[in-house]
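> Numbering (this note's numbering), first residue to last: -18 to 256. Where is the CB? At the ideal position from N, CA and C, for every residue including glycine. Structure incoming, see below.
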Amino acid sequence: MKTLFSRMAVIVLVVGLLAGVAWLEWPTPPAPQPLAAPVDEARLAEAAIAAYREEHEMAAAGKAGQWKFDASASNGGGEFVGVFGPLVRVRDAAGQGWLLTTLNADTAESAGDGMDSFAASGVNRMLLFALRDGQYRLAAEEQLEMGTNGMAGSAKVAQLGPRQWGWVLQGGYLQQGYSATNVHFFRADGGKIRSMGTLVSEADNSGACGEQGSAACPLTALKVEWRWQQVADDFWPLQVSWRGKLEGRAVTKQLSLLPNGQGEYPFPQELNIQF
C-alpha cells in the first residue's frame, strides 16, 4: 500500500511540475497598440479654407469673418470684401468625402451698403474640395456676378437628394420700372460643378407699364414658389408653382421637375421671362 501511495505522490508531483513549467513558459501577449487618432475632418475643412485664403492673398477686413481680396469681374473687377458660408462636409454613394462652401463678396466701394454704381456687381463663388490623402483639396470653383450697386446676391449649399449636393444662388435687379429675381441651381458632380438651370422666380414690369398694363405694354407680375419634395429618388423632385400675370395673361401652373438627360431642370421657357 505504501508503494502505491508513493507512486501516486510521484505522479502528482511530476504533473504539478509540468504545469508550472508550462505556466512559466507561456508566451507574453503583445502590448496593445495605440488606436489611430480619428481624422478631424472639421479641422481639415478649416485648413482648406485657410489655404484658399492664403493662395488668393486675402486679408482680414474690418468685421470678424470678412476678407478682402482682388477679383476679376466683367465690370473690371477690383477689391471685394467677402464672407465664407458654412462648411458642409458630405460623402457620396462611393464613400468619397467632399467639402462644399460659398464665398459671397460685395465690392469694397459698396461699403456693404449699396454705395457703388448701379452697374457694379458683387461676386458669388461656389467652392468644391475633395478629401484626398488626409487633406481637402480644391477640385472646382465657379464664380457668378450678381446684384447691383456692388452688392452680391445670395449663395448657399443645398441638398438635392439623399446623396446629391449642390448650390443655390439668387440675385435680382431693378431698372427703369422692371424688376426680376433669378435662382441658379448647380450640382456637385464627381469633382465638377455643373449648372442645373436658372429659374425666374419673380418678374414685374408694373413700374414701367402701370398696375393694369396696356395693349402697348402688357402687365407682367409673376411670382414663383419652389421647394424640393424629399422622397427616395436619386434627385428630389423640384416642386414649382407659378401665379400672377404674364404679358397680360393670368397664369396658374404647377410642375414637379426632375433633371433631364443633360442634368438640368426643364423649366418652361415661356414662363422664364426675361426683360
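(1) Can you look up Y246 in the DSSP assignment and give me helix, strand or coil?
(2) In or out: S237 buried (at least 16 other Cβ within 10 Å) or exposed?
(3) Buried or exposed: A74, going by 16 or more other Cβ atoms within 10 Å of its Cβ?
(4) Grab me the residues of T129's own chain with a C-beta within less than 6 Å of its C-beta, minus the 5 sequence neighbours each way, in chain order.
(5) When you compare only the Cα positions, how much space is there between P111 and A40?
(6) Mapping DSSP to helix, strand and coil, what is S187?
(7) So for E27, helix, strand or coil by DSSP?
(8) Can you find the residues in the same chain that come closer than 6 Å, C-beta to C-beta, to P199, ignoring five residues on each side of it along the sequence?
(9) Which partner residues does F110 have in the DSSP bridge list?
(10) In whole angstroms, give me the CA-to-CA distance for T265 and F166.
(11) Buried or exposed for V138, going by 16 or more other Cβ atoms inside 10 Å?
(12) Can you give me the C-alpha to C-alpha distance between V221 and R208, rounded to a whole angstrom?
(13) Output the boundary residues of the beta strand (DSSP E) element that contains V165.
(14) For N56 and S102, which I take to be in contact (beta-carbon distance under 8 Å), what is that distance rounded to the nearest angstrom?
(15) Put R333 into one of helix, strand or coil per three-state DSSP.
(16) Terminal residues of the continuous beta strand (DSSP E) containing D51?
(17) Around the Cβ of S91, are there at least 16 other Cβ atoms within 10 angstroms (buried) or fewer (exposed)?
(18) In three-state DSSP terms, what is A42?
(19) Roughly how many angstroms separate the alpha carbons of V267 and T82, rounded to a whole number?
(20) Per DSSP, W207 is paired with what?
(21) Taking the C-alpha atoms as reference points, what is the distance between V250 and V205?
(22) Would you mind stating whether G172 and A136 have Cβ atoms separated by less than 8 Å?
(23) Do G78 and E22 have their C-beta atoms closer together than 8 Å?
(24) Is the separation between the beta-carbon of G131 and that of T88 shorter than 8 Å?
(25) Would you decide whether D97 is buried or exposed? Buried here means 16 or more other CB atoms lie within 10 Å of its CB.
Put simply:
(1) In the sequence shown, residue 246 corresponds to position 265, counting from 1. Reduced to three states, the DSSP call for Y246 is coil.
(2) Locating residue 237 in the sequence shown gives position 256, where the first residue counts as 1. Its Cβ having fewer than 16 others within 10 Å, S237 is exposed.
(3) Counting from one through the sequence shown, the residue named residue 74 turns up at place 93. The Cβ neighbour count for A74, taken over all protein chains shown within 10 Å, is under 16; the residue is labelled exposed.
(4) One-based indexing of the sequence shown puts residue 129 at position 148. Only F99, Y154 meet the Cβ criterion.
(5) In the sequence shown, counting from the first residue as 1, residue 111 sits at position 130. In the sequence shown, counting from the first residue as 1, residue 40 sits at position 59. The amino acid at residue 111 is misidentified as Pro; the sequence shows Ala. Their Cα atoms are separated by approximately 25 Å.
(6) For the purposes of this step, residue 187 is taken as the residue at position 206 of the sequence shown. DSSP places S187 in helix when its eight states are reduced to three.
(7) Here residue 27 is taken as the residue at index 46 of the sequence shown, counted from 1. Three-state DSSP puts E27 in a helix.
(8) What you label residue 199 is simply residue 218 of the sequence shown in a count that begins at 1. Cβ within range, chain order: E228, G229.
(9) For the purposes of this step, residue 110 is taken as residue 129 along the sequence shown, with counting starting at 1. The partner list for F110 (beta bridge, DSSP) reads L80, L119.
(10) This structure does not reach residue 265, given that the chain is present from -18 up to 256, and the question cannot be answered.
(11) Start at 1 with the first residue of the sequence shown, and residue 138 comes out as number 157. Burial call: buried.
(12) As a position in the sequence shown, residue 221 is number 240, starting the count at 1. As a position in the sequence shown, residue 208 is number 227, starting the count at 1. Distance between the alpha carbons of V221 and R208 is about 7 Å.
(13) To locate residue 165, count along the sequence shown from 1; it is residue 184. Reading off the sequence shown, one finds His at residue 165, where the question assumed Val. H165 -> beta strand (DSSP E) spans 159 to 170.
(14) Start at 1 with the first residue of the sequence shown, and residue 56 comes out as number 75. Start at 1 with the first residue of the sequence shown, and residue 102 comes out as number 121. Contact flag correct, Cβ pair sits at about 6 Å.
(15) Since the first and last residues shown for the chain are -18 and 256, residue 333 lies out of range.
(16) On the sequence shown, residue 51 is found 70 positions in, with the first residue counted as 1. Taken as a continuous stretch (DSSP letters only), the beta strand (DSSP E) holding D51 covers 47 to 52.
(17) Counted from its first residue, the sequence shown places residue 91 at position 110. Flag for S91 reads buried.
(18) The count along the sequence shown starts at 1 and reaches residue 42 at position 61. A42: coil per DSSP, three-state reduction.
(19) Outside the modelled stretch of the chain, which goes from -18 to 256, sits residue 267, for which no answer is possible.
(20) Here residue 207 is taken as the residue at index 226 of the sequence shown, counted from 1. Its beta-bridge partners are V221.
(21) Within the sequence shown, residue 250 is the residue found at index 269, counting from 1. Within the sequence shown, residue 205 is the residue found at index 224, counting from 1. In the sequence as displayed, the identity of residue 250 is Gln instead of Val. Using only the alpha carbons, I get a separation of about 14 Å.
(22) On the sequence shown, position 191 is the one that residue 172 refers to. On the sequence shown, position 155 is the one that residue 136 refers to. No, the pair does not count as a contact, with Cβ atoms beyond the cut-off.
(23) The residue you call residue 78 lines up with position 97 of the sequence shown. The residue you call residue 22 lines up with position 41 of the sequence shown. Cβ atoms of G78 and E22: closer than 8 Å.
(24) Against the sequence shown, residue 131 aligns to sequence position 150. Against the sequence shown, residue 88 aligns to sequence position 107. Cβ distance < 8 Å, so G131 and T88 count as in contact.
(25) Walking along the sequence shown from the start, residue 97 turns up at place 116. The residue is buried, with at least 16 neighbouring Cβ atoms inside 10 Å.
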